[in-house]
Amino acid sequence: MIVDNSLYSVSLKDIIFYKGSTFVKGMKDNPVNNFFKFFFGFWGLIVLSLIVIGIITVYEYSLDSGESVVEASS
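One point on numbering: in the working numbering, the residue at position 24 of the sequence shown is 1308, and numbering is uninterrupted.
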């Protein structure tokens, strides 16, 4: 039995452009809904990670400044 490999072969280009092509295709079907899904899905992750990094940085900075104040007063 000969298996047609063309059905299963996936090129690197297909992997790279897979999300983009479905996004563009979805934009034509329902532009607003799919735009917000894509926008908040992608940028939501970035903003969330930035917020977490910011909170950690501020928390560590406040710990450092608090220790330095205690050391200076004592």
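Heads up, the beta-carbon is just placed ideally off N, CA and C, and yes, glycines get one too. The structure presented is a predicted model; accordingly, all values stated were derived computationally and were not measured.
Can you find a C-beta in chain D that's less than 9 angstroms from the C-beta of residue i?
| i | result |
| --- | --- |
| G1338 | No chain D is part of this structure, which consists of one protein chain only. |
Which residues in the same chain have their Cβ closer than 6 angstroms to the Cβ of residue i, if we skip the five residues on either side of it in sequence?
| i | result |
| --- | --- |
| M1285 | The predicted model places M1285 with a pLDDT of 47, which falls under 50 and marks its position as unreliable, so this point remains unresolved. |
| T1341 | none |
| L1347 | none |
Would you kindly work out how many angstroms separate the C-alpha atoms of residue i and residue j, rounded to a whole number?
| i | j | result |
| --- | --- | --- |
| K1359 | I1335 | The chain is shown only over 1285 to 1358; residue 1359 falls outside these bounds and no answer can be derived. |
| Y1345 | V1331 | 21 angstroms |
| G1325 | Y1343 | 27 angstroms |
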